[in-house]
Amino acid sequence: MGSLVATSSPSPKRERPSFLGATGITGVGYTNMRRHGKSSVLGLALEACRAALADCGLAAEEVDGVASFGLFGDSVTSQAVGTGLGLGDLTYTLDLNNGGSQPCFAVMSAAMAIAAGLAHNVLVFRALTGRTGTKVGSTRFESPTSQYRYPIGFTAYPYYIAMWARRFMIETGATENDLAAVVISQREYAARNERAVRRNRITSEEYFVREYVVEPFRTVDCTVEVDGAVAVLVTSTDRASAQGAPIAVIEGAAWVTGSGSGLDIADFHSWRDFTRNCQFRLAPRLWASCGLRPADIDIAEIYDCFSPAVLYGLEGLGFVGRGEAGAFIRDGHTSAGGSLPVNTHGGLLNEGYVHGMNTVAEAALQIQGRAGAVQVADAETCAVTSGVLVDGSALILRKGDR
Amino acid sequence: MSPPQQKGRVRPETDRDSAWWWEALSSGRFEVCRCAPHGHYFFPPAPGCSTCGSPDVRPAAVCGFGVVYSWIVVHKALDPAFVGDTPYTIVTVDLDEGARVFGRIENGPLEAGQRVCATIYNVRGITLLGFERA
Chain G
152 MGSLVATSSP SPKRERPSFL GATGITGVGY TNMRRHGKSS VLGLALEACR
202 AALADCGLAA EEVDGVASFG LFGDSVTSQA VGTGLGLGDL TYTLDLNNGG
252 SQPCFAVMSA AMAIAAGLAH NVLVFRALTG RTGTKVGSTR FESPTSQYRY
302 PIGFTAYPYY IAMWARRFMI ETGATENDLA AVVISQREYA ARNERAVRRN
352 RITSEEYFVR EYVVEPFRTV DCTVEVDGAV AVLVTSTDRA SAQGAPIAVI
402 EGAAWVTGSG SGLDIADFHS WRDFTRNCQF RLAPRLWASC GLRPADIDIA
452 EIYDCFSPAV LYGLEGLGFV GRGEAGAFIR DGHTSAGGSL PVNTHGGLLN
502 EGYVHGMNTV AEAALQIQGR AGAVQVADAE TCAVTSGVLV DGSALILRKG
552 DR
Chain X
7 MSPPQQKGRV RPETDRDSAW WWEALSSGRF EVCRCAPHGH YFFPPAPGCS
57 TCGSPDVRPA AVCGFGVVYS WIVVHKALDP AFVGDTPYTI VTVDLDEGAR
107 VFGRIENGPL EAGQRVCATI YNVRGITLLG FERA
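Those protein sequences? They're chains G and X, same order as listed. Using the numbering used here, the letters of the first sequence map in sequence onto residues 152 to 553. Using the numbering used here, the letters of the second sequence map in sequence onto residues 7 to 140.
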């Protein structure tokens, strides 16, 4: 690992961040994905965090950091989770509030804190009552620019991303067949994932008889909101080896708040190109951070609140060229046994909307060789993304040494 | 021509940066922001130019014409206020001066680059910006 200094980053050249290659994800914990839950958000968060600790055999007293993200106050604080788990003094906490752009970023931030010596074992969680409580996908949230959207009935994320998708289809030639391909291929994985909420396979004919929510999206192009929580434990590679815990090493990482990203999380008045999202902007830095190329990657877990997010992700990170993602999926490249399995848990579309924290968790399980029925054989490297509009993050995970 | 929005009524939560824009619209004037140093037009109102960061930002009238950049047709209202409006169409419009805005337009065929013209309409006491095919 001699020369990992970025070669294509903007000048002046940056040193490779010290947390890369030195930190990673060990424990992974889930609650069930519930459509009729009665648990509180805090109850879900604690359940997932306890499961993550049990998963890697770490005692609660070893945890000295907690990080999380929510959206418009729909989550609970790291402080509350520390208290509910009976943790000792926390030397690092982080409460982000920028939704699905931040699962990778929360993990990346925890890893930075560890590499900086501020903490040793950091729990990163996302918990929400997205089914029975606050629905991110359909509830109105007041924000600086909501005054220009809500009065005209431009009220929710499916609409915003459909507005982007229409333009993407116009410019790239993508069609509803390409959206269908995402849905159909990911259902194949979901059918084999016991955590998934939607598990029935779907044919093209069945796809096209579904009703539109907002053109060009049908119900099955939209994620399924659930009550649930997912947590991961981030630690150093040294500690993981000492513990004998399998680790998915964070080899590359990037975040972007894109230039012209607007005044709030649902503002894109100032974003000129709806056909290129945050993943296009962060891709050069992501690859430079790890010295790898798309061809070096075995699996991609791409944040998919809506089906076209996968097309943006594949093209944005450079796995395929412009307008090629749909055919790539239809040709089976992203399916089991393909050249680049994508969203091996069935995606947020089918497993349930834990806001992309489950996308990160699936990536970690795959790299650790613990993904069960959907395990990709000999998976050594995985790209995982968070976010589909103007802010976003991504990680490259690599199999660790035991 | 009937307004592009008949029933749905949600009052805008205006703020210190936007109050002037809504007041202008209510008076029948469609304005956006323009930075004095470079003449960058932008929207929504903010105390700094989104292109150059200049703090010298002033209201500027626009001609109201522009082209359709993208659009959606909403079939399922996720907000109860708009259940009676479906299906309805929202366009993203690039104004001739350069700023980008969203607005309702009557349902019907659309294509990228379609010329449109701003219209100011009223829904039960609320004044809003929409578009008509030009």
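We put the beta carbon where it would ideally sit given N, CA and C, even for glycine. Note that the structure is predicted; figures quoted are calculated from it, not measured.
Run through DSSP, which three-state label would residue i get?
| i | result |
| --- | --- |
| Glu345(G) | coil |
| Leu155(G) | Any reading at Leu155(G) needs caution, since the residue's pLDDT is 43, under 50, leaving its predicted position unreliable; the model's value is listed next. The answer is coil: DSSP assigns Leu155(G) none of H, G, I, E or B. |
| Phe71(X) | strand |
| Thr386(G) | strand |
| Leu135(X) | strand |
| Leu204(G) | helix |
| Tyr504(G) | strand |
| Cys441(G) | helix |
| Asp542(G) | strand |
| Asn428(G) | coil |
| Ile126(X) | strand |
| Ala405(G) | strand |
| Arg291(G) | coil |
| Glu123(G) | Missing from the structure shown is residue 123(G); chain G here goes from 152 to 553 and no further. |
| Ile96(X) | strand |
| Arg15(X) | coil |
| Gly379(G) | strand |
| Tyr310(G) | helix |
| Asp240(G) | coil |
| Tyr454(G) | coil |
| Ser76(X) | strand |
| Asn509(G) | helix |
| Asn272(G) | strand |
| Cys255(G) | helix |
| Arg352(G) | coil |
| Ile448(G) | coil |
| Phe479(G) | helix |
| Gly520(G) | coil |
Taking Cβ-Cβ distances shorter than 9 Å, what residues in chain G pair up with residue i?
| i | result |
| --- | --- |
| Gln11(X) | Pro302, Ile303 and Gly304 |
| His46(X) | Going along chain G, no residue has its Cβ under 9 Å from His46(X), so there is no contact; the nearest lies around 11 Å. |
| Asp62(X) | Those within 9 Å of Asp62(X) in chain G number zero; the least Cβ separation is about 18 Å. |
Going by beta carbon distance, what residues of the same chain come within less than 8 Å of residue i, once the five residues before and after it are set aside?
| i | result |
| --- | --- |
| Ser159(G) | Annotation note: pLDDT 48 at Ser159(G) (below 50); position unreliable, no value reported. |
| Met152(G) | Note on Met152(G): pLDDT 37, under 50, position unreliable in the model; the coordinate value appears next. Excluding sequence neighbours, Met152(G) sits near Gly172. |
| Asn501(G) | Gln337, Arg338, Tyr340, Ala341, Asn344, Ala347, Val348, Arg349, Arg350 and Val375 |
Which residues in chain G have a C-beta closer than 7 Å to the C-beta of residue i? List them in chain order.
| i | result |
| --- | --- |
| Gly34(X) | Within 7 Å Cβ-Cβ: nothing; Gly34(X) doesn't reach chain G, min ~17 Å. |
| Gly14(X) | Gly304 |
| Ala52(X) | Leu414 |
Can you list, in chain order, the residues of its chain with a C-beta nearer than 6 Å to that of residue i? Leave out the 5 residues immediately preceding and following it.
| i | result |
| --- | --- |
| Cys207(G) | Thr177, Gly178, Leu384 and Ala396 |
| Val371(G) | Val334 and Arg361 |
| Met263(G) | Phe170 |
| Glu322(G) | Thr426 |
| Gly104(X) | Tyr47 |
| Thr386(G) | Thr177 and Asn272 |
Quick check: residue i and residue j, are their CB atoms within less than 8 Å of each other?
| i | j | result |
| --- | --- | --- |
| Cys533(G) | Glu452(G) | yes |
| Asp91(X) | Gln11(X) | yes |
| Val365(G) | Val89(X) | no |
| Thr354(G) | Ile265(G) | no |
| Met184(G) | Val348(G) | yes |
| Ala512(G) | Val407(G) | no |
| Leu414(G) | Pro295(G) | yes |
| Gly420(G) | Phe49(X) | Reading off the sequence shown, one finds His at residue 420(G), where the question assumed Gly. In contact: His420(G) and Phe49(X) (Cβ atoms closer than 8 Å). |
| Tyr28(X) | Pro65(X) | The sequence given here has Trp at residue 28(X), not Tyr. Cβ distance not < 8 Å, so Trp28(X) and Pro65(X) don't count as in contact. |
| Gly114(X) | Ile96(X) | no |
| Ile518(G) | Leu546(G) | no |
| Arg369(G) | Arg352(G) | no |
| Tyr340(G) | Asn494(G) | yes |
| Ala124(X) | Gly14(X) | no |
So which residues of chain X does residue i contact, with C-beta pairs closer than 8 Å?
| i | result |
| --- | --- |
| Arg317(G) | Ser76, Trp77 and Ile78 |
| Pro309(G) | Leu84 |
| His458(G) | In the sequence as displayed, the identity of residue 458(G) is Ser instead of His. What Ser458(G) touches in chain X: nothing, since even the nearest Cβ is about 15 Å away. |
| Glu293(G) | Glu19 |
List, in order along the chain, the chain G residues whose C-beta lies closer than 8 Å to that of residue i?
| i | result |
| --- | --- |
| Phe137(X) | In chain order: nothing, as chain G lies at least about 10 Å away. |
| Gly90(X) | Result: empty, since nearest Cβ-Cβ is about 10 Å, beyond 8 Å. |
| Ile96(X) | Ile303, Gly304, Phe305, Tyr310 and Met314 |
| Thr20(X) | Gln298 |
| Arg110(X) | Ile303 and Gly304 |
Using a cut-off of 7 Å between C-beta atoms, extract the partners of residue i located in chain X.
| i | result |
| --- | --- |
| Val364(G) | His81 and Lys82 |
Check: Do the segment 93–102 of chain X and the segment 69–77 of chain X touch if we need at least three Cβ pairs shorter than 8 Å?
Finding: Look at the beta carbons and you see the segment 93–102 of chain X touching the segment 69–77 of chain X: at least three pairs across the two are nearer than 8 Å.
Check: Touch check for the segment 533–544 of chain G and the segment 458–469 of chain G: three-plus C-beta pairs under 8 Å?
Finding: yes
Next item on the list: Indicate whether the contact test is met: 3 or more Cβ pairs, each with one atom in the segment 222–239 of chain G and one in the segment 271–286 of chain G, closer than 8 Å.
Entry: yes
Next item on the list: Inspect the CB distances between the segment 299–308 of chain G and the segment 421–431 of chain G and report whether three or more fall short of 8 Å.
Entry: no
Margin query: Contact between the segment 281–288 of chain G and the segment 44–61 of chain X is defined here as three or more beta-carbon pairs at a separation below 8 Å; is this criterion met?
Written below: Here the segment 281–288 of chain G does not lie against the segment 44–61 of chain X, with fewer than 3 beta-carbon pairs under 8 Å apart.
Check: If contact means a Cβ-Cβ distance below 9 Å, which residues of the segment 393–422 of chain G contact chain B?
Finding: Reference to chain B is not applicable here, since the protein chains of this structure are G and X.
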